[in-house]
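J.:
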Amino acid sequence: MSIFTELGLVIILAGILGYFTRLVKQPLILAYIFAGIILGPSFFNLIKSEEVIYYFSSLGIAFLLFTIGLELDLRKFKKISFLIAIVGLGQIIFTGLFGFFLSYFFGFSVIVALYLGLALAFSSTAVVVKLLSDSKDLDSLQGKFIIGTMLIQDLVAVLAMAFFHEINFLSSFQSLFGQLFLVLIKAGVFLFGAIFLGRVVVSRLLNFATKTPELLFLASLSWCLALIFAAQSFGLSLEIGAFLAGLGLAGTAYNLETVGKMRPLRDFFLIIFFTSLGMQMAWPDLKENLVLVSFFSLFVIFGNPLIVWIFMGILGFTKRVSFLTGLATGQISEFSIILIILGVKVGHLDSSLLSLITILAVITILISSYFISHSHKIYLKIGKYLNIFERKKLRFKELMTREGILENHTILFGCDRMGSVILKNLQKRQKKVLVIDFNLETVEKLRKQHTLSFYGDIEDPEIIEKANLDKAKMIISTVPDLHSNLFLLSQIKNKNSIILITCQNVDEALELYEKGIDYAILPLRLSGEYVAMLLDKLGENKTEIDFYRHAHIQELKKAMT
Numbered sequence: 022m023s024i025f026t027e028l029g030l031v032i033i034l035a036g037i038l039g040y041f042t043r044l045v046k047q048p049l050i051l052a053y054i055f056a057g058i059i060l061g062p063s064f065f066n067l068i069k070s071e072e073v074i075y076y077f078s079s080l081g082i083a084f085l086l087f088t089i090g091l092e093l094d095l096r097k098f099k100k101i102s103f104l105i106a107i108v109g110l111g112q113i114i115f116t117g118l119f120g121f122f123l124s125y126f127f128g129f130s131v132i133v134a135l136y137l138g139l140a141l142a143f144s145s146t147a148v149v150v151k152l153l154s155d156s157k158d159l160d161s162l163q164g165k166f167i168i169g170t171m172l173i174q175d176l177v178a179v180l181a182m183a184f185f186h187e188i189n190f191l192s193s194f195q196s197l198f199g200q201l202f203l204v205l206i207k208a209g210v211f212l213f214g215a216i217f218l219g220r221v222v223v224s225r226l227l228n229f230a231t232k233t234p235e236l237l238f239l240a241s242l243s244w245c246l247a248l249i250f251a252a253q254s255f256g257l258s259l260e261i262g263a264f265l266a267g268l269g270l271a272g273t274a275y276n277l278e279t280v281g282k283m284r285p286l287r288d289f290f291l292i293i294f295f296t297s298l299g300m301q302m303a304w305p306d307l308k309e310n311l312v313l314v315s316f317f318s319l320f321v322i323f324g325n326p327l328i329v330w331i332f333m334g335i336l337g338f339t340k341r342v343s344f345l346t347g348l349a350t351g352q353i354s355e356f357s358i359i360l361i362i363l364g365v366k367v368g369h370l371d372s373s374l375l376s377l378i379t380i381l382a383v384i385t386i387l388i389s390s391y392f393i394s395h396s397h398k399i400y401l402k403i404g405k406y407l408n409i410f411e412r413k414k415l416r417f418k419e420l421m422t423r424e425g426i427l428e429n430h431t432i433l434f435g436c437d438r439m440g441s442v443i444l445k446n447l448q449k450r451q452k453k454v455l456v457i458d459f460n461l462e463t464v465e466k467l468r469k470q471h472t473l474s475f476y477g478d479i480e481d482p483e484i485i486e487k488a489n490l491d492k493a494k495m496i497i498s499t500v501p502d503l504h505s506n507l508f509l510l511s512q513i514k515n516k517n518s519i520i521l522i523t524c525q526n527v528d529e530a531l532e533l534y535e536k537g538i539d540y541a542i543l544p545l546r547l548s549g550e551y552v553a554m555l556l557d558k559l560g561e562n563k564t565e566i567d568f569y570r571h572a573h574i575q576e577l578k579k580a581m582t
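In terms of this note's numbering, the sequence shown is residues 22 to 582.
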């Protein structure tokens with residue numbers, strides 16, 4: 022069987038299994054791993070070109086790290102970066118220590134326990150970001166904390182890989198310290214060089230390349246591979262080079278466009294990477310280590326979140342934000358697998374550990390994905406038992422407390438693009454408006470404009486209570502999530518309130534009408550109706566259209582300020 026046939030089998034089977042995993046709302050990573058299990062030695066043993074698959078897997082790791090580096094925009098976390106650092110580093114240290122002692126308790130050597138402790142401390146950025154994106158939760162406070170924590174884990178993982186790539190554990194303590202210092206110096210010099218070249222030299226080349234999409238893709242790929250070669254020549258790993266290549270372009274104007282160009286290539290090689298992991302899984306290892314796998318899985322799924330809850334509670338966050346943030350950390354990361362692969366490659370670890378960590382990844386991703394997807398529902402059921410994780414003095418309390426007794430007011434959930442237009446109209450009509458939004462920047466901007474606003478979530482019972490929902494004259498939701506809006510409707514007891522809800526399609530609109538709302542807002546349909554009305558009014562009168570054009574430009578510029 023040729024290599025092309027084998028690759029074809031991998032892609033076809035991964036695609037078929039991908040449909041099944043999406044039906045049960047699981048990450049596609051699991052489909053790729055199961056494809057490798059089926060095609061590998063555990064079942065049909067159809068893949069023979071293991072060396073080619075290995076090199077393709079390496080490219081998958083490289084392109085994954087390259088795109089993660091490209092998307093690492095630290096400016097988004099400026100306000101809470103210090104707090105994120107405390108939670109992120111605290112979680113890594115405590116999880117790593119507990120994982121180390123747990124591994125040592127089960128009879129692993131100090132070196133192996135060190136690897137396993139770190140591997141258990143990292144959560145999957147790829148899986149969590151996808152689930153947060155699906156639930157429209159990326160811009161919430163917990164969303165930012167989750168992403169920030171994941172980024173800190175990624176940075177620590179990259180440094181750990183650099184350290185383990187160079188370290189000689191047979192050396193004395195002084196020598197080990199010297200090796201660590203040398204790795205940090207190397208990584209620091211290489212980091213500075215990558216960022217300098219990326220932002221000063223390569224960004225200008227990309228500026229020229231943007232005129233031709235194919236050239237932009239080629240230039241980005243060349244930069245990534247060049248940094249990989251340079252890193253290996255410098256004594257650093259392939260993974261370090263790829264990550265720093267992305268980081269070097271992270272602050273440029275072309276990072277997102279470059280990610281878009283690189284994503285298909287990255288996804289293709291990642292399929293090969295995760296499939297190869299499945300091929301390396303040995304089921305006898307699972308039977309022999311059932312107790313070990315069970316303990317490690319429970320530790321990751323429940324121990325990681327518990328550590329985050331404690332840290333965020335101490336820092337003064339609400340139990341809800343702490344709970345939702347912590348719940349997202351309950352799985353093994355792709356970086357954990359890469360770290361173990363590196364340990365096997367440099368001779369620190371036995372290959373059987375790779376099978377163990379892959380099994381852990383499958384189990385923890387499977388379970389935590391359900392937890393993350395249903396995190397709001399879970400909180401509603403157990404939130405009252407989580408008071409132990411909440412201090413009396415809360416952070417961001419000034420954005421959550423009620424200002425006076427609200428009656429006959431309008432509550433506006435969500436004040437982004439559509440919400441800001443609605444707010445402007447309500448204020449023009451001198452209506453008493455309370456805005457509730459889960460974006461901290463939006464709330465602070467509204468507060469500076471003396472607009473009554475809370476930081477909060479449409480599914481947060483405490484916010485619903487503070488908003489005095491039963492006394493509201495009008496309730497408007499610009500949040501286009503059916504589940505969130507159904508929860509909101511379940512909390513409205515005042516039958517005289519006027520209720521306007523945003524939805525995504527006609528089926529949702531009809532369902533909401535059956536629940537008793539007064540009007541369903543369908544943004545795309547309303548946009549079409551408005552354009553049709555504008556055409557009826559203006560016809561083909563160029564002068565009138567120019568007048569509306571200039572007025573629209575001025576309105577958009579005001580919205581930007």
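No residue lacks a Cβ here, since even glycine has one placed at the ideal position from N, Cα and C.
Just verifying my parser: in three-state terms, what is the DSSP assignment at Ala541?
T.: On the sequence shown, residue 541 is found 520 positions in, with the first residue counted as 1. Three-state result, Ala541: strand.
J.: Can you tell me which of the three DSSP states Phe295 falls into?
T.: Numbered from its first residue, the sequence shown carries residue 295 at position 274. Phe295: helix per DSSP, three-state reduction.
J.: Mapping DSSP to helix, strand and coil, what is Leu521?
T.: As a working note, residue 521 is residue 500 in the sequence shown. In this structure, Leu521 counts as strand in the three-state DSSP scheme.
J.: So, with DSSP's three-state summary, where would you put Ser376?
T.: Here residue 376 corresponds to residue number 355 of the sequence shown, with the count starting at 1. Ser376 falls in the helix class under three-state DSSP.
J.: Can you tell me the Cα-Cα spacing of Ser23 and Val73, whole angstroms?
T.: Position 2 of the sequence shown, counted from the first residue, corresponds to residue 23. Position 52 of the sequence shown, counted from the first residue, corresponds to residue 73. For Ser23 and Val73, the distance between alpha carbons rounds to 11 angstroms.
J.: Given Val342, which residues of its chain have a CB within under 8 angstroms of its CB, disregarding the five upstream and five downstream residues?
T.: Here residue 342 refers to the residue found at position 321 of the sequence shown. Here the set comprises Leu162, Gln163, Phe166 and Met333.
J.: Rounded to whole angstroms, what is the Cα-Cα separation between Ala493 and Phe434?
T.: Locating residue 493 in the sequence shown gives position 472, counting from the first residue. Locating residue 434 in the sequence shown gives position 413, counting from the first residue. Cα to Cα, the separation comes out at about 13 angstroms.
J.: Nearest to Phe51 by CA position, among Ile388, Leu360, Ala572 and Lys579, is which residue?
T.: The count along the sequence shown starts at 1 and reaches residue 51 at position 30. Checking the displayed sequence, the identity of residue 51 turns out to be Leu instead of Phe. Among Ile388, Leu360, Ala572 and Lys579, the Cα nearest to that of Leu51 belongs to Ile388.
J.: Below 8 angstroms on the Cβ atoms is my contact criterion, and I expect Ser354 with Ser144 to pass it. Report the Cβ-Cβ distance as a whole number of Å.
T.: Position 333 of the sequence shown holds residue 354. Position 123 of the sequence shown holds residue 144. Between Ser144 and Ser354 the Cβ distance is about 5 angstroms, and since that is below 8 angstroms, they are a contact.
J.: In or out: Pro326 buried (at least 16 other Cβ within 10 Å) or exposed?
T.: To locate residue 326, count along the sequence shown from 1; it is residue 305. So Pro326 ends up on the buried side.
J.: Checking 7 angstroms against the spacing of the C-beta atoms, do Ser124 and Ala140 come in under that value?
T.: Within the sequence shown, numbered from 1, the residue matching residue 124 stands at position 103. Within the sequence shown, numbered from 1, the residue matching residue 140 stands at position 119. Cβ distance not < 7 angstroms, so Ser124 and Ala140 don't count as in contact.
J.: If the criterion is Cβ atoms closer than 7 angstroms, does the pair Ala83 and Ile292 meet it?
T.: Here residue 83 refers to the residue found at position 62 of the sequence shown. Here residue 292 refers to the residue found at position 271 of the sequence shown. For Ala83 and Ile292, no; Cβs fall outside 7 angstroms.
J.: When DSSP labels each residue in this structure, what does Tyr391 get in the three-state scheme?
T.: Looking up residue 391 in the sequence shown gives position 370. Note: Tyr391 maps to helix in three-state DSSP.
J.: Using the rule of at least 16 other Cβ atoms within 10 Å of the residue's Cβ for burial, across every protein chain shown, is Asp478 buried or exposed?
T.: Residue numbering aside, residue 478 sits at position 457 when the sequence shown is read from its first letter. So Asp478 counts as buried.
J.: Along the chain, where does the beta strand (DSSP E) containing Gly360 start, and where does it finish?
T.: As a working mapping, residue 360 is identified with position 339 in the sequence shown. According to the sequence shown, residue 360 is Leu rather than Gly. No beta strand (DSSP E) contains Leu360, which is instead part of the alpha helix (DSSP H) from Glu355 to Lys366.
J.: Tell me which residue opens and which closes the beta strand (DSSP E) that Ser474 is part of.
T.: To locate residue 474, count along the sequence shown from 1; it is residue 453. Its beta strand (DSSP E) spans residues Ser474 to Tyr476.
J.: Hey, Thr170 and Gly109: beta-carbon distance below 7 angstroms or not?
T.: If you number the sequence shown from 1, residue 170 lands on position 149. If you number the sequence shown from 1, residue 109 lands on position 88. Contact: yes.
J.: In whole angstroms, what separates the C-alpha of Ala382 from that of Tyr53?
T.: Your numbering for residue 382 matches position 361 in the sequence shown. Your numbering for residue 53 matches position 32 in the sequence shown. The straight-line gap from Cα to Cα measures roughly 12 angstroms.
J.: Buried or exposed for Ser243, please, with buried defined as at least 16 other CB atoms from any protein chain shown within 10 angstroms of its CB.
T.: For the purposes of this step, residue 243 is taken as residue 222 along the sequence shown, with counting starting at 1. The residue is exposed, with fewer than 16 neighbouring Cβ atoms inside 10 Å.
J.: Check whether the Cβ atoms of Phe255 and Phe211 sit closer than 7 angstroms, and answer yes or no.
T.: Numbered from its first residue, the sequence shown carries residue 255 at position 234. Numbered from its first residue, the sequence shown carries residue 211 at position 190. Going by C-beta atoms, Phe255 is nearer than 7 angstroms to Phe211.
J.: My output table needs one value for Asp481: the three-state DSSP class, helix, strand or coil.
T.: Taking the first residue of the sequence shown as position 1, residue 481 is located at position 460. Three-state result, Asp481: coil.
J.: Secondary structure at Phe127, three-state DSSP: helix, strand or coil?
T.: The count along the sequence shown starts at 1 and reaches residue 127 at position 106. Phe127 falls in the coil class under three-state DSSP.
J.: Can you pull the DSSP bridge partners for Thr431?
T.: As a first step, residue 431 is located in the sequence shown; it is residue number 410 there, counting from the start. Partner(s): Val454 and Met495.
J.: Within a Cβ cutoff of 7 angstroms, which residues of the same chain sit near Ala230, ignoring the five residues on either side of it in sequence?
T.: Along the sequence shown, one-based indexing puts residue 230 at 209. So the qualifying residues of the chain are Leu236, Leu237 and Ala240.
J.: Using only alpha-carbon positions, find the residue among Gly209, Leu137 and Lys578 that is nearest to Gly120.
T.: Here residue 120 corresponds to residue number 99 of the sequence shown, with the count starting at 1. Here the closest residue by C-alpha is Leu137.
J.: Quick one: measure Cβ to Cβ for Leu270 and Val223, integer angstroms, because I've assumed they're closer than 8 angstroms.
T.: Along the sequence shown, read from residue 1 onward, the residue named residue 270 stands at position 249. Along the sequence shown, read from residue 1 onward, the residue named residue 223 stands at position 202. About 7 angstroms separates the two Cβ atoms, so the contact holds.
J.: Spatial neighbours of Ile520 within its chain, please: C-beta separation below 6 angstroms, excluding the five flanking residues on both sides.
T.: Locating residue 520 in the sequence shown gives position 499, counting from the first residue. Only Ile496, Ile538 and Asp539 meet the Cβ criterion.
J.: How would you label Glu411, buried or exposed, when you count the other beta carbons within 10 angstroms and need 16 or more for buried?
T.: Position 390 of the sequence shown holds residue 411. Per the 10 Å Cβ criterion, buried.
J.: Helix, strand or coil for Gly4 per DSSP?
T.: Not covered by the structure: residue 4. The range shown for the chain is 22 to 582.
J.: Please report how far the alpha carbon of Thr463 lies from the alpha carbon of Val365, in whole angstroms.
T.: In the sequence shown, counting from the first residue as 1, residue 463 sits at position 442. In the sequence shown, counting from the first residue as 1, residue 365 sits at position 344. C-alpha separation (whole angstroms): 48 angstroms.
J.: So, with DSSP's three-state summary, where would you put Val45?
T.: Translated into the one-based positions of the sequence shown, residue 45 becomes position 24. Three-state DSSP puts Val45 in coil, outside helix and strand.
J.: Using 7 angstroms as the threshold, is the C-beta distance between Leu503 and Glu535 below it?
T.: Looking up residue 503 in the sequence shown gives position 482. Looking up residue 535 in the sequence shown gives position 514. Not in contact: Leu503 and Glu535 (Cβ atoms no closer than 7 angstroms).
J.: Under a three-way DSSP split, which group does Arg412 fall into?
T.: As a working mapping, residue 412 is identified with position 391 in the sequence shown. Of the three classes helix, strand and coil, the one that applies to Arg412 here is coil, per DSSP.
J.: Just to check my reading of the structure: Leu86 and Glu260 have Cβ atoms closer than 8 angstroms, yes? What is that Cβ distance to the nearest angstrom?
T.: Translated into positions along the sequence shown, residue 86 becomes position 65. Translated into positions along the sequence shown, residue 260 becomes position 239. About 6 angstroms; that satisfies the 8 angstroms criterion.
J.: Excluding the five sequence neighbours on either side, which residues of its own chain have a C-beta within less than 8 angstroms of the C-beta of Leu360, listed in chain order?
T.: The residue given as residue 360 occupies position 339 in the sequence shown. Excluding residues within five positions, the ones whose Cβ falls inside 8 angstroms are Tyr136, Leu139, Ala140, Phe143, Ala178, Ala181, Met182 and Phe185.
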